Amino acid sequence: MYCAQAAPTDATAQMYSFVRLTDPSLRSKIAEVTANAHMATASETLIVCADVHRLQKLLEHRGYVYGDWRAASLHFAIGDAVLAGQNALIAAECLGYQGCWIGGVLSALDEIVTLLELPRGVLPFAGLTIGVPDEDPPVRPRLQPEVIWHDNTYKPLEPSDLETALTRMAPITARGDWAQSLARYFATGGTMEQREPVLRRTLERQGFAVSDVDALYERTEAAGYAELLIRRGGAGFQAWVDRPDRAHGGDGATPSEALRKAVEEAERDALETRG
Ligand SMILES: Cc1cc2nc3c(=O)[nH]c(=O)nc-3n(C[C@H](O)[C@H](O)[C@H](O)COP(=O)(O)O)c2cc1C
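Under the working numbering, the final residue of the sequence shown carries the number 450; numbering is consecutive throughout.
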């Protein structure tokens, strides 16, 4: 715990909490809903949370009014939680233990929030198991450093870089096809799309959500437009951003996609007019 708390933290705020799971039935339940059996059997199982609840309480305790900074709180609290959790994991590894982050908590976020009685302002980032390894796996491959490190500006990715990456990472999967394994998570129909609505619901429930429309309206105003119109159009939606002398439209499968396109048009126009 000392090593976790030694991690650097934004603005001294320490926006994270660890929930240590010691109740065997709670551990089993969470292992089941996250489909990670080792959460039940590891020596230590923690849920690492982004946490601005305590920060809000501290400020209110001294009579301050807590700010509305939902997007920034998600950004900084997850950063703090990851730094502290990874510090704990490295410390454990230095002592001869091994551990594993468990992103599987995202598949059952709402249940975990309820089971752990997490107040608004606390969001599980991931689980973390720590224990004595009963196997000694080989070091696994990583991407070539050339696609990770950039000098001054972001280097465009060439097809040859992508091929090298896929070849280097192939041994990480049993079938030797890393793209196929990535697709199971990140392609359309994959695990991440299943997790997405659960996360969105939980972000709203725990006080971290910023509505697409709020953010898009802020962009609309910043581009000098004051009105929005969204309506159904064909199989999708049409959106317009409007001011007395100009309007820009966009089409999309969802209201926010249509609105985003209209706002992007308005922003391009504002940039050209300014330039
Ligand atoms: C945020 C995060 C979430 C992860 N989620 C899971 C998980 O749900 N289940 C699991 O068995 N491993 C999980 N892992 C472990 C990774 O799969 C593992 O670190 C990765 O495969 C690389 O292995 P290596 O560190 O030995 O190279 C997660 C790791 C991270 C950083």
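The beta-carbon is built from N, C-alpha and C at its ideal position, and this holds for glycine as well.
Predicted model only: the values in this text are computed from it and were never measured.
**Q.** Contact under 7 Å by Cβ, Gly274 with Ala301
**A.** The sequence position of residue 274 within the sequence shown is 99, counting from 1. The sequence position of residue 301 within the sequence shown is 126, counting from 1. Not closer than 7 Å, so no.
Q: Determine the closest residue to Met344 out of Gly271, Leu293, Pro320, Ala362, with distance taken between C-alpha atoms.
A: Position 169 of the sequence shown holds residue 344. Of all alpha-carbon atoms in Gly271, Leu293, Pro320, Ala362, the one lying nearest the alpha-carbon of Met344 is that of Pro320.
**Q.** Alpha-carbon to alpha-carbon, Leu233 and Met190
**A.** The sequence position of residue 190 within the sequence shown is 15, counting from 1. The sequence position of residue 233 within the sequence shown is 58, counting from 1. Taking the straight line joining both Cα atoms gives about 12 Å.
Q.
At the level of alpha carbons, what is the spacing between Arg435 and Ala414?
A. Stepping through the sequence shown from its first residue, residue 435 is reached at position 260. Stepping through the sequence shown from its first residue, residue 414 is reached at position 239. Spanning the two alpha carbons is a distance of roughly 8 Å.
Q.
Do Leu341 and Ala354 count as a contact pair if the criterion is CB distance below 7 Å?
A. Start at 1 with the first residue of the sequence shown, and residue 354 comes out as number 179. Start at 1 with the first residue of the sequence shown, and residue 341 comes out as number 166. With contacts defined by Cβ atoms closer than 7 Å, Ala354 and Leu341 form a contacting pair.
Q: For ligand 1, list every residue whose C-beta falls under 6 Å from any of its heavy atoms, going in chain order.
A: By the rule of a C-beta closer than 6 Å to any heavy atom of ligand 1, the residues picked out are Asn211, Cys275, Trp276, Ile277, Gly278, Gly279, Ala301, Arg315.
(Q) Judging by CA-CA distance, which residue of Asp198, Gly364, His228 is the nearest neighbour of Thr220? (A) For the purposes of this step, residue 220 is taken as residue 45 along the sequence shown, with counting starting at 1. When only C-alpha atoms are compared, the closest one is Asp198.
(Q) Please report the straight-line C-alpha distance between Asp444 and Thr395, rounded to a whole angstrom. (A) Within the sequence shown, residue 444 is the residue found at index 269, counting from 1. Within the sequence shown, residue 395 is the residue found at index 220, counting from 1. When the Cα atoms are used, Asp444 and Thr395 turn out to be separated by approximately 12 Å.
Q: Identify the continuous alpha helix (DSSP H) that holds Phe361 and give its terminal residues.
A: Working through the sequence shown from its first residue, we reach residue 361 at position 186. Where Phe361 is concerned, the enclosing alpha helix (DSSP H) stretches over 353-361.
Q. Taking one C-beta from the stretch 397-409 and one from the stretch 368-387 each time, how about it: are there three or more such pairs within less than 8 Å?
A. no
(Q) Taking DSSP's pairing of strands, which residues face Asp226 in a bridge? (A) Counted from its first residue, the sequence shown places residue 226 at position 51. BP columns for Asp226 point to Val297.
Q: Decide if His236 is buried, meaning its Cβ has at least 16 other Cβ atoms within 10 Å, or exposed.
A: Walking along the sequence shown from the start, residue 236 turns up at place 61. Per the 10 Å Cβ criterion, exposed.
Q) The beta strand (DSSP E) spanning Ala414 covers which residue range? A) On the sequence shown, residue 414 is found 239 positions in, with the first residue counted as 1. Run containing Ala414: 411-418, per the beta strand (DSSP E) assignment.
Q) Start and end of the beta strand (DSSP E) containing Phe193? A) For the purposes of this step, residue 193 is taken as the residue at position 18 of the sequence shown. Counting along the chain, Phe193 sits inside the beta strand (DSSP E) bounded by residues 191-195.
Q: Could you tell me if Gly242 is buried or exposed, where buried requires 16 or more neighbouring beta carbons within 10 angstroms of its beta carbon?
A: In the sequence shown, residue 242 corresponds to position 67, counting from 1. Result: exposed.
Q: Please work out which residues of its chain come closer than 8 Å, Cβ to Cβ, to Tyr392, disregarding the five sequence neighbours upstream and downstream, and give them in chain order.
A: Taking the first residue of the sequence shown as position 1, residue 392 is located at position 217. Excluding positions up to five away in sequence, the list reads Leu403.
Q) Rounded to a whole number of angstroms, what is the C-alpha to C-alpha distance between Cys178 and Ile405? A) The residue given as residue 178 occupies position 3 in the sequence shown. The residue given as residue 405 occupies position 230 in the sequence shown. Those two C-alpha atoms are separated by around 51 Å.
Q: Assign Arg452 to one of three DSSP states: helix, strand, or coil.
A: In this structure the chain extends from 176 to 450, so residue 452 is not present and cannot be described.
Q.
Alpha carbons only, please: which of Pro316, Gly365, Val322 is nearest the one belonging to Gly351?
A. Within the sequence shown, the letter at position 176 stands for residue 351. Closest option to Gly351, Cα to Cα, is Pro316.
(Q) Among the candidates Val280, Pro183, Leu230, Pro334, whose CA atom is the shortest distance from the CA of Ala369? (A) Here residue 369 refers to the residue found at position 194 when the sequence shown is read from its first residue. What sits at residue 369 in the sequence shown is Gln, not Ala. The option with the nearest alpha carbon to Gln369 is Val280.
Q | Start and end residues, alpha helix (DSSP H) containing Arg380 | A | Position 205 of the sequence shown, counting from 1, holds the residue named residue 380. From DSSP, the alpha helix (DSSP H) with Arg380 extends over 366-380.
**Q.** For Asp326, three-class secondary structure by DSSP
**A.** Along the sequence shown, one-based indexing puts residue 326 at 151. Coil at Asp326, not helix or strand.
Q: Determine the DSSP secondary structure at Ala422, reduced to helix, strand or coil.
A: Along the sequence shown, one-based indexing puts residue 422 at 247. Ala422 falls in the strand class under three-state DSSP.
Q.
I need the straight-line Cα distance from Asp185 to Phe251, nearest angstrom please.
A. Along the sequence shown, one-based indexing puts residue 185 at 10. Along the sequence shown, one-based indexing puts residue 251 at 76. If I take the Cα positions, the gap works out to 7 Å.
(Q) When you compare the CB positions of Ala225 and Leu318, do they come within less than 7 Å of one another, or not? (A) For the purposes of this step, residue 225 is taken as the residue at position 50 of the sequence shown. For the purposes of this step, residue 318 is taken as the residue at position 143 of the sequence shown. No, Cβ-Cβ distance for Ala225 and Leu318 is not below 7 Å.
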